[in-house]
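Numbering (the working numbering), first residue to last: -12 to 216.
Backbone N, C-alpha and C fix where the C-beta goes; we use that ideal spot for every residue, glycine too.
On a predicted model such as this, the values are computed, not experimentally measured, just so you know.
First up is the structure itself, then whatever we jot down about it.
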């Protein structure tokens, strides 16, 4: 299968981390393998394993070397390769994200339209017409990296990132789309903003979604944005 390694590749990541790579590209098959292995690691959770962090194409295992030897981790991961049929990936939930596109909420939407050779209304229709899988969460708390952006909307990043991107901003960078859950610098092309609070550190469950879930964007008006916020 293209992009999927025949056997996992191990990389030492500092003195408390092991990075296990399963492919060399962003692809559903590679990410499915990552999620399957993550489910089994969470199920096993040997003493000494502190955290399991899935990404697009790899899994980072953080461990306590005073409790667990890295050679034991190698053996565990190799054993998981023979037990993938035991992994039951939870069915994804679909999270609806309301978005007010354009104007001050999406200052780059005109550029995206011109780069794509379509009008702004078509950008909104195409962008909101897809259910996007969350491949991974990272960069900032709750930032979802979404796969499945239609090719017509693939747009390069800003040449110079902004110093300040407001929470809820929805952007495009090359073949990805995503949402900034907190204020931060950023170089993605901003096309809209959601009034939803995507990260609440004081909540028992601080995120609205997790890796593997689906996100569907729903266009809303400025008035609806103000009502929701």
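So, do the segment 57 to 69 and the segment 81 to 91 have three or more beta carbon pairs nearer to each other than 8 Å? no
Applying the criterion that 16 or more other CB atoms from any shown protein chain within 10 Å of the CB defines a buried residue, is residue 30 buried or exposed? As a position in the chain shown, residue 30 is number 43, starting the count at 1. Residue 30 should be labelled exposed.
Own chain, CB closer than 8 Å to residue 20, minus 5 neighbours either side, in chain order: Walking along the chain shown from the start, residue 20 turns up at place 33. Closer than 8 Å at the Cβ level, and outside the excluded window around residue 20, lie -9, 9, 10 and 71.
Would the beta-carbon of residue 166 fall within 8 Å of that of residue 194? Numbered from its first residue, the chain shown carries residue 166 at position 179. Numbered from its first residue, the chain shown carries residue 194 at position 207. Not in contact: residue 166 and residue 194 (Cβ atoms no closer than 8 Å).
C-alpha distance - residue 89 paired with residue 211, whole-angstrom precision: Locating residue 89 in the chain shown gives position 102, where the first residue counts as 1. Locating residue 211 in the chain shown gives position 224, where the first residue counts as 1. Using only the alpha carbons, I get a separation of about 14 Å.
Buried or exposed, going by whether 16 or more other CB atoms sit within 10 Å of the CB of residue -5? As a working note, residue -5 is residue 8 in the chain shown. Classification of residue -5: buried, given that the 10 Å Cβ count is 16 or more.
Report the rounded CA-to-CA distance for residue 106 versus residue 97, giving the unit in angstroms. The sequence position of residue 106 within the chain shown is 119, counting from 1. The sequence position of residue 97 within the chain shown is 110, counting from 1. Cα-Cα distance, rounded: 8 Å.
Would you list, in sequence order, the uninterrupted alpha helix (DSSP H) runs of no fewer than 4 residues that lie entirely inside the segment 53 to 120? 57 to 68, 96 to 103 and 107 to 114
Helix, strand or coil for residue 147, going by three-state DSSP, please let me know. For the purposes of this step, residue 147 is taken as the residue at position 160 of the chain shown. Coil, per DSSP.
Exposed or buried, residue 76, counting other C-beta atoms within 10 Å across all chains shown (16 or more means buried)? In the chain shown, residue 76 corresponds to position 89, counting from 1. Classification for residue 76: exposed.
May I have the straight-line CA-CA distance separating residue 197 from residue 42, to the nearest angstrom? Working through the chain shown from its first residue, we reach residue 197 at position 210. Working through the chain shown from its first residue, we reach residue 42 at position 55. Each residue's Cα considered, the two are about 12 Å apart.
Using beta-carbon positions only, say whether residue 152 and residue 133 come within less than 8 Å of one another. Within the chain shown, numbered from 1, the residue matching residue 152 stands at position 165. Within the chain shown, numbered from 1, the residue matching residue 133 stands at position 146. Their beta carbons are not under 8 Å apart, which means residue 152 does not touch residue 133 by this criterion.
Determine the direct distance from the alpha carbon of residue 54 to that of residue 115, and round the result to whole angstroms. Residue mapping note: residue 115 aligns to position 128 of the chain shown, counting from 1. Residue mapping note: residue 54 aligns to position 67 of the chain shown, counting from 1. Between residue 115 and residue 54, the C-alpha separation is close to 48 Å.
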